[in-house]
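What follows is one structure encoded as structure tokens, with my remarks underneath.
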Amino acid sequence: MIIRKNAFKAAGIAAVTLGATLQMAGSAQAVPLSASCAVVGASAKVNTNRDGADDRVDFVMYYSDDKADGHHARARLVTKDVNGKVKRWGWHKDTNGANNGTIKYTSYATNPSGIFFVGVEAAVFEGEKKLDSCTAWGA
1105 MIIRKNAFKA
1115 AGIAAVTLGA
1125 TLQMAGSAQA
1135 VPLSASCAVV
1145 GASAKVNTNR
1155 DGADDRVDFV
1165 MYYSDDKADG
1175 HHARARLVTK
1185 DVNGKVKRWG
1195 WHKDTNGANN
1205 GTIKYTSYAT
1215 NPSGIFFVGV
1225 EAAVFEGEKK
1235 LDSCTAWGA
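Using the numbering used here, read the sequence shown as starting at 1105 and increasing by one per residue.
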């Protein structure tokens, strides 16, 4: 599933982004993207702005454990470079228990070959064993 929309909802950021986008008409612009997926018990979403084959992408990832089943949820960033090579970044765990809110993780990813695609993977784990997962890509 690919979702493209203004994904930044924090107070003021949407207005600043819109203003910057309007002022930059006719020049290279960062493109907001969002990718999200969910399986029974875990959901994740990643938001970022990018303008082509950047070697660095800043992102915000949200993830949560959505089911009281004794398992925990994890999420991670996934990227694809110019050669089509997929990198699956480190997992981030939600061990706070089911339905205890969404965890927000802000960071960046770098790849000297360029980052052409950005996505997110959500999964349900029992200990270190992955039980179910999904992956969604933006552009």
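All C-beta atoms, glycine included, are put in the ideal place defined by N, C-alpha and C.
Which residues DSSP lists as bridging residue i, in chain order
| i | result |
| --- | --- |
| residue 1223 | 1182 and 1241 |
| residue 1196 | 1179 |
| residue 1206 | Answer is none; residue 1206 lacks a bridge partner. |
| residue 1211 | 1163 |
Buried or exposed by the 16-neighbour rule on C-beta atoms within 10 Å, applied to residue i
| i | result |
| --- | --- |
| residue 1151 | buried |
| residue 1230 | exposed |
| residue 1144 | exposed |
Element boundaries [beta strand (DSSP E), containing residue i]
| i | result |
| --- | --- |
| residue 1254 | Nothing about residue 1254 can be read from this structure; the chain reaches only from 1105 to 1243. |
| residue 1173 | That residue, residue 1173, is in no beta strand (DSSP E); it is neither H nor E in DSSP. |
| residue 1139 | 1135-1143 |
Supposed contact pair residue j and residue i - C-beta distance, whole angstroms, cut 8 Å
| i | j | result |
| --- | --- | --- |
| residue 1218 | residue 1158 | 7 Å |
| residue 1224 | residue 1177 | Not a contact, Cβ separation roughly 12 Å. |
| residue 1180 | residue 1222 | At roughly 12 Å, the Cβ-Cβ gap does not stay under 8 Å, so residue 1180 and residue 1222 are not in contact. |
Legend entry - Contact between the region 1158-1166 and the region 1207-1218 (3+ Cβ pairs under 8 Å): yes
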